[in-house]
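For reference, the structure is listed below as structure tokens.
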Amino acid sequence: MPSPATLTVHGVLMEICGLGVLIRGPSGIGKGELALELISRGHRLIADDAPQISVSTSNSLSGNCPPLLRNLLEVRGLGVLNVAALFGEQAVASNTPLQLIVTLETIAESEISERDITGSMHTTRRLLDVDIPEIRLALRGRSRHPASRDISRTLRYRSSLYVTGRPTALLVETLVKNFKLQQQGYFAHADLSKRQRRVMDSS
8 MPSPATLTVH GVLMEICGLG VLIRGPSGIG KGELALELIS RGHRLIADDA
58 PQISVSTSNS LSGNCPPLLR NLLEVRGLGV LNVAALFGEQ AVASNTPLQL
108 IVTLETIAES EISERDITGS MHTTRRLLDV DIPEIRLALR GRSRHPASRD
158 ISRTLRYRSS LYVTGRPTAL LVETLVKNFK LQQQGYFAHA DLSKRQRRVM
208 DSS
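First residue of the sequence shown: 8, per our numbering; consecutive thereafter.
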């Protein structure tokens, strides 16, 4: 039985680019397929379906896999897979700090507001009295923008991104890399604004 200081959550816990990421979303949205593709890209599985989250310090969380589920990943259409047996021991890990939540969701076009499209605010989710940054990624929602829109303009650190027919694993991987850059103080859209100001000032 988990201790009172441990929370079992629904989702897939992974280590992506060295960052502990919990992938959430409703059943059937494709968490297993996404995790499998991320594993094939060199990232590591911690726990599928029921990762256990606990407080590691006063301001941080860690996640691990229950022994029953260790190394196992369920993918719709393929069943239960042993990731360590398929991809090697380097494709799995026993635990990771929880540093980011990526929530997969479907959003109808009518629910998309201009604030969602242009805003740069991110949300947080509170687990065990600790706030964890969260990015919501919409997989199937009709976009107001053409599919050919420059991806560099789309992959800002936002509360929601609207992507239809795009490679989800690549997007999640890029979100995580961009999040790490922003944790270091670099924001691409702010960099672009500075460049635009320099051009205008010099003209």
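The C-beta atom is built at its ideal place from N, Cα and C for all residues, glycine as well.
Remember, predicted model here, so these are calculated numbers, not experimental data.
Leaving out five residues before and five after residue i in sequence, what residues of the same chain have Cβ atoms less than 6 Å from its Cβ?
| i | result |
| --- | --- |
| threonine 175 | Leu41 |
| arginine 132 | Ile108, Ile139, Glu141 |
Taking the alpha helix (DSSP H) that residue i belongs to, which residues open and close that run?
| i | result |
| --- | --- |
| glutamine 190 | 175-190 |
Pick out whichever of the options has its Cα sitting closest to the Cα of residue i.
| i | options | result |
| --- | --- | --- |
| leucine 52 | Val90, Lys184, Gln189 | Val90 |
| glutamate 81 | Val62, Pro104, Asp55, Gly70 | Asp55 |
| phenylalanine 94 | Leu45, Ile36, Leu20, Arg132 | Leu45 |
| leucine 14 | Gly39, Gly37, Pro73 | Pro73 |
| arginine 83 | Gly32, Glu96, Ile36 | Ile36 |
| glutamate 96 | Leu85, Asn66, Gly49 | Gly49 |
| leucine 177 | Leu146, Arg31, His196, Ala195 | Leu146 |
For residue i, which residues from the same chain have a beta carbon less than 7 Å from its beta carbon, with the 5 sequence-adjacent residues on both sides left out?
| i | result |
| --- | --- |
| lysine 187 | Cys24, Leu26 |
| asparagine 78 | Asn89, Val90, Ala91, Val99 |
Which residues in the same chain as residue i place their Cβ atom closer than 8 Å to its Cβ, once the five residues preceding and following it in sequence are excluded?
| i | result |
| --- | --- |
| leucine 68 | Ile60, Ser61, Val62, Pro104, Leu105, Leu134, Leu135, Val137, Ile139 |
Quick check: what's the CA-CA separation for residue i versus residue j?
| i | j | result |
| --- | --- | --- |
| glycine 70 | alanine 100 | 11 Å |
| glutamate 112 | serine 210 | 44 Å |
| serine 200 | asparagine 185 | 17 Å |
| methionine 21 | glycine 192 | 24 Å |
| valine 179 | leucine 144 | 8 Å |
| leucine 107 | serine 34 | 20 Å |
| arginine 202 | histidine 129 | 24 Å |
| valine 19 | leucine 43 | 11 Å |
| arginine 165 | leucine 76 | With a pLDDT of only 40 at arginine 165, under 50, the local geometry of the prediction cannot be trusted, and no value is derived from it. |
| glycine 86 | aspartate 208 | 59 Å |
Measure the beta-carbon distance from residue i to residue j and round it to whole angstroms, keeping in mind my assumption that it falls under 8 Å.
| i | j | result |
| --- | --- | --- |
| valine 16 | proline 58 | 6 Å |
| isoleucine 142 | leucine 88 | Contact flag wrong, Cβ pair sits at about 26 Å. |
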